[in-house]
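Residue numbers (full-length UniProt numbering): 1 to 406. For every residue, glycine included, the Cβ atom is placed at its ideal position computed from N, Cα and C. Worksheet for the structure shown next.
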Amino acid sequence: MNIELRQLGIERYGEFVHPILTAFGALLNPERMEGTKRLQEFTLRLGAYDGESLVGAAGTFSLTMTTPGGAVPAAGLTAVAVMPTHRRRGILTRLVRRHLDEARAAGQPISALWATEGSIYGRFGYGLASQACSISIERDRSAFRGEASAEGRARLLGEAEALEAFAPVWERARPLVPGMLARSEPWWRGRRLSDNDFIRQGGGQLQRVVIEVDGRAEAYALYCVHHRWDASTIPIGSVRVIEAIGASPLGTRLVWRYLFDIDLAQRIEASLLPPDHPLGMLLVEPRRLRLTASDGLWVRIVDVEAALAARAYGSGEALTLEITDRDCPSNAGRFRLHGGERRATRTTAAPDLRLDITALGSAYLGGVSFRCMADAGQVEELSGGAVERADSLFRAARAPWCPEIF
Ligand SMILES: CC(=O)SCCNC(=O)CCNC(=O)[C@H](O)C(C)(C)COP(=O)(O)OP(=O)(O)OC[C@H]1O[C@@H](n2cnc3c(N)ncnc32)[C@H](O)[C@@H]1OP(=O)(O)O
């Protein structure tokens with residue numbers, strides 16, 4: 001079988017999505033498709049061809065992702081699929097290798113993705129880098145601790161007003177949280193703010209609420225109401241929160257009070273929350289959140305020196321990491337990190353820790369500790385106390401959080 005990889009122009013987007021729609025058993029949503037076509041971030045579409053038949057595809061978003069204390073250009077791998085007629089013949093492997101080559105050529109020191117299955121991407125050097133948590137809480141068990149603040153005014157907005165109000169909130173939150181992404185106006189419109197069947201998922205229209213304090217937007221939320229009634233006409237519907245972002249702790253508290261108190265909802269559901277979300281400390285009955293954790297972002301370090309230079313480090317002694325990387329030998333070697341400095345330099349010094357590129361991807365955003373990986377046998381400690389020193393350097397104030405699947 002002779003498979004050829006070709007780049008597809010945006011005008012062939014309808015063809016490009018055929019494998020992923022086949023895999024998901026989904027129909028093309030015309031509004032969503034139009035929104036995605038306009039994205040300046042959607043820089044690369046690869047098609048795998050068997051003769052003239054498209055049998056596999058993979059896309060790349062060119063993103064800017066917050067790191068602990070900085071930001072890094074990231075190649076976001078998306079819409080990967082191989083037709084069921086052509087699976088397990090190495091097509092994904094070729095698509096991922098090409099994606100990584102293109103990322104390196106474009107000066108993107110990391111690649112990041114959301115995986116459909118945890119079993120797929122580890123073999124390509126991706127490490128699990130964040131957790132995504134879900135909650136599902138009965139409205140009548142969602143009381144907050146303490147008195148409700150009198151502050152805050154909620155307003156429901158149309159798409160254009162929401163863009164104006166929400167983007168500044170996002171921009172205040174974004175630099176503080178590793179994993180958050182820069183968003184262009186087409187991204188806001190096409191993937192977040194426009195109301196369509198894809199975003200409704202069977203619920204009512206998309207609601208866009210801003211919370212203002214003293215006239216300034218402090219938080220926003222996107223949600224849909226899914227109405228249902230039981231045989232006795234008691235409302236048993238739910239509010240599905242798509243995204244809720246606070247620019248400040250007060251904003252976060254106010255927006256969740258609003259979301260937990262919407263009439264006719266029996267339950268409030270949200271996903272893609274970070275494990276350190278303050279909700280657990282805000283409620284009288286935290287266990288009622290029914291918090292569950294799943295895989296979040298997977299990160300692949302494409303260029304070790306550039307990636308390590310794109311984040312900050314805690315204070316502490318210098319540390320030498322010995323990295324192995326089967327697929328990208330240019331990443332292999334020893335790198336010296338200095339506490340408080342944003343740089344990693346190649347060295348011949350004796351290593352303190354030995355780890356594969358996969359483990360460095362997990363540690364990169366501060367979401368997985370070296371202690372955890374050492375306990376799991378993924379990091380080898382070569383000098384006494386090196387695991388603790390690595391954790392002091394890589395620790396981040398907040399868990400990584402990417403509030404959307406791309
Ligand atoms: C970032 C994203 O877009 S995530 C979306 C991923 N896409 C999907 O889940 C859609 C449905 N699945 C598919 O389309 C395909 O099965 C894919 C894309 C996951 C895999 O494509 P293939 O061309 O079959 O993969 P390929 O033949 O290159 O496999 C490489 C290796 O990964 C393994 N592998 C591939 N898919 C899986 C999987 N889902 N689970 C476990 N192992 C897998 C193969 O067995 C093979 O292992 P080997 O090297 O030890 O032999």
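Can you tell me whether LEU46 sits near ligand 1, meaning its C-beta is under 7 Å from at least one heavy atom of the ligand? In the sequence shown, counting from the first residue as 1, residue 46 sits at position 46. It does not: the Cβ of LEU46 is nowhere closer than 7 Å to a heavy atom of ligand 1.
Cutting at 8 Å between CB atoms, please list the residues of its own chain near PRO175, excluding the five before and the five after it. Numbered from 1 along the sequence shown, position 175 holds the residue referred to as residue 175. The beta carbon of PRO175 lies closer than 8 Å to those of THR66 and ALA71 in the same chain, with the five residues before and after it left out.
State the Cα-Cα distance for the pair ALA173 and ARG336, rounded to the nearest angstrom. Taking the sequence shown and counting its residues from 1, one reaches residue 173 at position 173. Taking the sequence shown and counting its residues from 1, one reaches residue 336 at position 336. Spanning the two alpha carbons is a distance of roughly 31 Å.
C-beta atoms of LEU54 and GLU102 nearer than 8 Å: Here residue 54 refers to the residue found at position 54 when the sequence shown is read from its first residue. Here residue 102 refers to the residue found at position 102 when the sequence shown is read from its first residue. Contact flag unset, no.
Quick one: does the C-beta of VAL80 sit closer than 7 Å to a heavy atom of ligand 1? Walking along the sequence shown from the start, residue 80 turns up at place 80. Checking every heavy atom of ligand 1 against the Cβ of VAL80, one is found closer than 7 Å.
What does a CB cutoff of less than 6 Å around GLU305 pick up in its chain, not counting 5 residues either side in sequence? Here residue 305 is taken as the residue at index 305 of the sequence shown, counted from 1. If the five residues before and after GLU305 are omitted, its C-beta is found closer than 6 Å to the C-beta atoms of ALA344, all from its own chain and listed in chain order.
heavy atom of ligand 1 below 7 Å from ILE135 C-beta: Taking the first residue of the sequence shown as 1, we reach residue 135 at position 135. Relative to ligand 1, ILE135 has its C-beta separated by 7 Å or more from all heavy atoms.
Pull up the CB-CB distance for GLN205 and ASP195, whole angstroms please, since I reckon it's below 8 Å. For the purposes of this step, residue 205 is identified with residue 205 of the sequence shown, where counting begins at 1. For the purposes of this step, residue 195 is identified with residue 195 of the sequence shown, where counting begins at 1. Rounded, the Cβ-Cβ distance is 6 Å, consistent with contact.
Host beta strand (DSSP E) of GLY14 (start-end): Position 14 of the sequence shown holds residue 14. No beta strand (DSSP E) contains GLY14, which is instead part of the alpha helix (DSSP H) from 13 to 16.
Tell me the rounded alpha-carbon separation between ALA349 and PHE124. In the sequence shown, the residue the question calls residue 349 occupies position 349. In the sequence shown, the residue the question calls residue 124 occupies position 124. Taking C-alpha positions only, ALA349 is separated from PHE124 by approximately 28 Å.
For PHE260, the three-state DSSP class (helix, strand or coil): Sequence index remark: in the sequence shown, residue 260 carries index 260 (1-based). Looking at PHE260 - three-state DSSP - the assignment turns out to be coil, as it is neither helix nor strand.
Name the residue from ARG346, PRO84, SER271 and TRP170 whose alpha carbon lies nearest to the alpha carbon of ARG290. The residue given as residue 290 occupies position 290 in the sequence shown. The shortest CA-to-CA distance from ARG290 to any of ARG346, PRO84, SER271 and TRP170 is the one to SER271.
Does DSSP put ARG240 in a helix, a strand or coil? Here residue 240 refers to the residue found at position 240 of the sequence shown. In this structure, DSSP gives ARG240 an extended state, which the three-state scheme calls strand.
Own chain residues within Cβ distance below 7 Å of GLN40, not counting five before or after: To locate residue 40, count along the sequence shown from 1; it is residue 40. Spatial neighbours of GLN40 in its own chain (CB-CB distance under 7 Å, excluding positions within 5 residues in sequence) are listed in chain order as SER184 and PRO186.
So, at 6 Å on beta carbons, what are the nonlocal neighbours of ASP295 in its own chain, with the 5 sequence-adjacent residues on each side left out? Taking the first residue of the sequence shown as 1, we reach residue 295 at position 295. Counting only Cβ-Cβ distances below 6 Å, and skipping sequence neighbours, we find GLY118 and LEU128.
Three or more C-beta pairs under 8 Å: does that hold for the segment 145 to 154 against the segment 378 to 388? The segment 145 to 154 vs the segment 378 to 388: no contact.
Any non-hydrogen atom of ligand 1 closer than 7 Å to SER119 Cβ: As a position in the sequence shown, residue 119 is number 119, starting the count at 1. Correct: SER119 has its Cβ closer than 7 Å to ligand 1.
Tell me the DSSP secondary structure of ASP230 in three-state form. Stepping through the sequence shown from its first residue, residue 230 is reached at position 230. DSSP places ASP230 in coil when its eight states are reduced to three.
Could you give the residue range of the beta strand (DSSP E) that holds ASP295? Counted from its first residue, the sequence shown places residue 295 at position 295. Where ASP295 is concerned, the enclosing beta strand (DSSP E) stretches over 292 to 295.
Using a Cβ-based criterion (distance less than 7 Å to any ligand heavy atom), does ARG89 qualify as near ligand 1? Translated into positions along the sequence shown, residue 89 becomes position 89. When distances are taken from the beta-carbon of ARG89 to the heavy atoms of ligand 1, the shortest one is below 7 Å.
Below 8 Å between beta carbons: does that hold for LEU95 and GLY56? Residue numbering aside, residue 95 sits at position 95 when the sequence shown is read from its first letter. Residue numbering aside, residue 56 sits at position 56 when the sequence shown is read from its first letter. Yes, these two residues count as a Cβ contact at 8 Å.
Within 10 Å of its beta-carbon, does ASN331 have 16 or more other beta-carbons around it, so buried, or fewer, so exposed? The residue given as residue 331 occupies position 331 in the sequence shown. Counting Cβ neighbours within 10 Å, ASN331 comes out buried, since at least 16 surround it.
Terminal residues of the alpha helix (DSSP H) in which THR36 lies: The count along the sequence shown starts at 1 and reaches residue 36 at position 36. Where THR36 is concerned, the enclosing alpha helix (DSSP H) stretches over 30 to 37.
How close, in whole Å, do the beta carbons of GLN108 and ALA79 come, if the pair is a contact with beta carbons under 8 Å? Along the sequence shown, one-based indexing puts residue 108 at 108. Along the sequence shown, one-based indexing puts residue 79 at 79. Not really, about 17 Å apart at Cβ, beyond 8 Å.
What span of residues does the alpha helix (DSSP H) with PHE61 cover, start to end? As a first step, residue 61 must be located in the sequence shown, where it is residue number 61. For PHE61, no alpha helix (DSSP H) encloses it; the enclosing beta strand (DSSP E) starts and ends at 53 to 67.
I'd like to know whether the C-beta atoms of ARG97 and ARG288 end up nearer to each other than 8 Å. Translated into positions along the sequence shown, residue 97 becomes position 97. Translated into positions along the sequence shown, residue 288 becomes position 288. Taking 8 Å as the Cβ cut-off, ARG97 and ARG288 do not qualify as a contacting pair.
Reduced DSSP category for ASP50 - H, G, I as helix; E, B as strand; rest coil: Locating residue 50 in the sequence shown gives position 50, where the first residue counts as 1. ASP50 falls in the strand class under three-state DSSP.
Just mark GLY9 as buried or exposed, buried being the case when its beta carbon has 16 or more other beta carbons within 10 Å. Working through the sequence shown from its first residue, we reach residue 9 at position 9. So GLY9 counts as exposed.
Which value, in whole angstroms, describes the spacing of the CA atoms of VAL379 and SER315? Position 379 of the sequence shown holds residue 379. Position 315 of the sequence shown holds residue 315. Distance between the alpha carbons of VAL379 and SER315: 21 Å.
Measuring alpha carbon to alpha carbon, tell me which of SER392, SER238, ALA154 and ARG38 ends up nearest GLY215. As a first step, residue 215 must be located in the sequence shown, where it is residue number 215. Nearest C-alpha to GLY215: ALA154.
Contacts around VAL259, its chain only, beta-carbon distance under 7 Å, and the 5 residues preceding and following it disregarded: The residue given as residue 259 occupies position 259 in the sequence shown. A small correction: the amino acid at residue 259 is Leu; Val does not occupy that position in the sequence shown. Excluding sequence neighbours, LEU259 sits near ALA221, TYR223, VAL239, VAL241, ALA244 and ILE268.
Residue nearest to TRP401 in terms of C-alpha spacing, selected from THR60, ARG32, LEU113 and ASP50: By one-based count along the sequence shown, residue 401 stands at place 401. Of the residues THR60, ARG32, LEU113 and ASP50, the one whose Cα lies closest to the Cα of TRP401 is LEU113.
If you follow the alpha helix (DSSP H) that GLU305 is in, where does it begin and where does it stop? As a first step, residue 305 is located in the sequence shown; it is residue number 305 there, counting from the start. Here the alpha helix (DSSP H) through GLU305 covers 304 to 308.
Just how far apart, CA to CA, sit TYR126 and ARG326? To locate residue 126, count along the sequence shown from 1; it is residue 126. To locate residue 326, count along the sequence shown from 1; it is residue 326. Using only the alpha carbons, I get a separation of about 12 Å.
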